[in-house]
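Below is one structure, written out as structure tokens; comments come after it.
In my numbering, the protein residues as written are 84 to 557.
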């Protein structure tokens, strides 16, 4: 399976404060911390509002932006307070996530907490970044990002430059201020606006980086915090990419082992080495010629196929779709790969996109800025938009210890493709009050994915502040 790990390597080319209230240190922030939220009904029992925050926290008297907020009021009589959630990304909509809270969170949590979601700055219904048009995104996502020829290098390099330029043109001043540090400060303004003395938080995937950043900035303002599917702030972007490449390779191996047990597995073998060779040959063939697509005419190129595979590996419930995609793909058809890739990119049926992809890149280019390329390297290495990002970065600076914080739960899945289990172990050790919940399983994140052990441990902690005597292994 070593060849598969090599293939999956192609998938990815601050100040710590613990003192008094932020608005006491910077008087001009008082208006933001003192604002009253005007909640309005927004269908099906939900309430919505807009939180005002400064565009630039170093200039709180300047421009302001809006943060879209939604809540599902607690369903029981013994309400504890607000549970703020973030689904990940960066670029994921917390507003959309909470609308599915009845499926994503336990009945126990929904009974005791107002479930509160928000679209982070730059995302969704908040003041949002915008880059490419839908037509441009269709083309951008299909460009060969593993170039083999000078022409392919130049085509990729030009596309990355154009994307960065479009983000600057269409997003303006906002582009400088959508990093994770600013989003974490927005959470603290939200906490006070919700009337909470301390924050209760549940973050998934990128939401763990956002939560850990908040913990580093405001360690003494945490009541309880769960970080599920952890990103370790101590790691560089290159280290994160390397770990993720291995994670997807491991997840693909798990998919193959499951496929071998199923009648009609498209690999038609029970040997991993034979399946690996078949995958490798298929991968090379798609690099030379796109798969057929009678659905809408878009080309199903190698990047679309890889994105479709990644999309399906996030959850074992999508493995049947991936088997179908390979069954079609080995015959030259790419419709299911395209459908899986569209889901990953959040492409709607009308051909438009959410701004998830724009925000994903914009946030990452601030959190993990890339060096500008010298002329001698242009056209010789595969570039990304961050190599041409038009604003300065605000990088994640290292390990978070959050001294003085309440116990912080870190949840890790042993075969998580997107956030490797090692990140969860490392983050739990780095946090001065961190503890680890391990889930032996497949897929991305662990809560509400079928493990009663995980779900009960998380719920007891969030509701009763119960910390296990020993780190649980579920």
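Ideal placement from N, C-alpha and C gives every residue a C-beta, glycine not left out.
Rounded straight-line distance, which links the Cα of residue 230 to that of residue 368 = 14 Å
query = Within this structure, are the beta carbons of residue 487 and residue 217 separated by less than 7 Å?
reply = no
key: Continuous beta strand (DSSP E) stretch holding residue 149: start and end   = 147 to 155
inquiry  = Relative to the C-alpha of residue 249, which candidate in 225, 214, 551 has its C-alpha closest?
reply    = 214
key: Alpha carbon of residue 101 to alpha carbon of residue 298, nearest angstrom   = With a pLDDT of 30 at residue 101, under the threshold of 50, the modelled position of that residue is not reliable, and the figure given next carries that caveat. For residue 101 and residue 298, the distance between alpha carbons rounds to 9 Å.
inquiry  = Under 8 Å, with one C-beta from each stretch per pair, do the stretch 385 to 394 and the stretch 413 to 429 reach the 3-pair mark?
reply    = yes
message = Which residue marks the beginning of the alpha helix (DSSP H) containing residue 445, and which one marks its end?
response = 439 to 450
Unbroken alpha helix (DSSP H) run spanning residue 540, endpoints = 535 to 547
message = To the nearest angstrom, how far is the alpha carbon of residue 107 from that of residue 113?
response = Below a pLDDT of 50, predicted positions are generally treated as unreliable, and residue 107, at 42, falls in that range; the measurement from the model is reported next regardless. Those two C-alpha atoms are separated by around 7 Å.
request  = In angstroms with no decimal places, state the Cα-to-Cα distance between residue 531 and residue 537.
outcome  = 8 Å
task = Would you check if the distance between the CB atom of residue 136 and the CB atom of residue 116 is smaller than 7 Å?
result = no
ask   = Using a beta-carbon distance below 7 Å, is residue 382 in contact with chain D?
value = Protein chain content of the structure displayed is limited to a single chain, and chain D is not contained in it.
message = Just to confirm, is the Cβ distance from residue 571 to residue 489 under 7 Å?
response = Examination of residue 571 is not possible in this model, given that the chain is present from 84 through 557 alone.
task = Drop a sphere of 10 angstroms on the beta-carbon of residue 597, count the other beta-carbons inside from all chains shown, and report buried for 16 or more, exposed for fewer.
result = Outside the displayed span of the chain (84 to 557) sits residue 597, for which this structure offers no information.
query = Can you list, in chain order, the residues of its chain whose CB lies under 7 Å from that of residue 525, leaving out five sequence neighbours each side?
reply = 334, 337, 399, 498
key: Continuous alpha helix (DSSP H) stretch holding residue 173: start and end   = Here residue 173 belongs to no alpha helix (DSSP H), and DSSP marks it neither H nor E.
query = Grouping DSSP H, G and I as helix and E and B as strand, with all else coil, what is residue 470?
reply = helix
request  = With distances taken Cα to Cα, identify the nearest neighbour of residue 139 among 381, 171, 257.
outcome  = The candidate whose alpha carbon is nearest that of residue 139 is 257.
inquiry  = Let's see if you can read the secondary structure: which residues bound the beta strand (DSSP E) around residue 307?
reply    = Counting along the chain, the unbroken beta strand (DSSP E) around residue 307 starts and ends at 305 to 311.
query = Do you know whose CA, among 546, 380, 503, lies nearest residue 194's CA?
reply = 546
message = Measuring only the C-alpha atoms, how far is residue 326 from residue 502?
response = 8 Å
message = For residue 254 and residue 515, I'd like the C-alpha separation in whole angstroms.
response = 38 Å
request  = Return the CA-CA distance between residue 130 and residue 164, expressed in angstroms with no decimal places.
outcome  = 15 Å
query = For residue 367, which three-state DSSP category applies?
reply = helix
message = My parser needs the alpha helix (DSSP H) runs of 4 or more residues fully inside the stretch 487 to 516; what are they?
response = Those alpha helix (DSSP H) runs which fall completely within the stretch 487 to 516 and span 4+ residues are 504 to 513.
ask   = For residue 173, which of 207, 124, 430 has the nearest alpha-carbon?
value = 207
ask   = Since residue 251 is in the alpha helix (DSSP H), which residue starts that stretch and which ends it?
value = 233 to 254
ask   = In or out: residue 459 buried (at least 16 other Cβ within 10 Å) or exposed?
value = Low per-residue confidence applies at residue 459: pLDDT is 49, beneath 50, and the placement is therefore not dependable enough to give any value.
key: Extent of the continuous beta strand (DSSP E) run through residue 199   = 196 to 201
request  = Could you tell me whether the stretch 118 to 130 touches the stretch 149 to 161, where touching means 3 or more Cβ pairs closer than 8 Å?
outcome  = yes
message = On the CB-based measure, 16 or more other CB atoms within 10 Å of its CB, does residue 268 come out buried or exposed?
response = In summary, residue 268 is buried, with 16 or more beta-carbon neighbours lying within 10 Å of its beta-carbon over all protein chains present.
request  = Taking only runs that begin and end inside the stretch 254 to 336, name each unbroken beta strand (DSSP E) of 3 or more residues, in chain order.
outcome  = 282 to 287, 305 to 311
query = In terms of residue numbering, what span does the alpha helix (DSSP H) encompassing residue 137 cover?
reply = Element bounds for residue 137: not the alpha helix (DSSP H) but the beta strand (DSSP E), 130 to 137.
key: Candidates 353, 342, 444, of which the one nearest residue 401 by Cα   = 342
ask   = Could you give the distance in angstroms between the alpha-carbon of residue 519 and the alpha-carbon of residue 190?
value = 24 Å
query = Going by alpha carbons, who is nearest to residue 365 out of 412, 387, 506?
reply = 412
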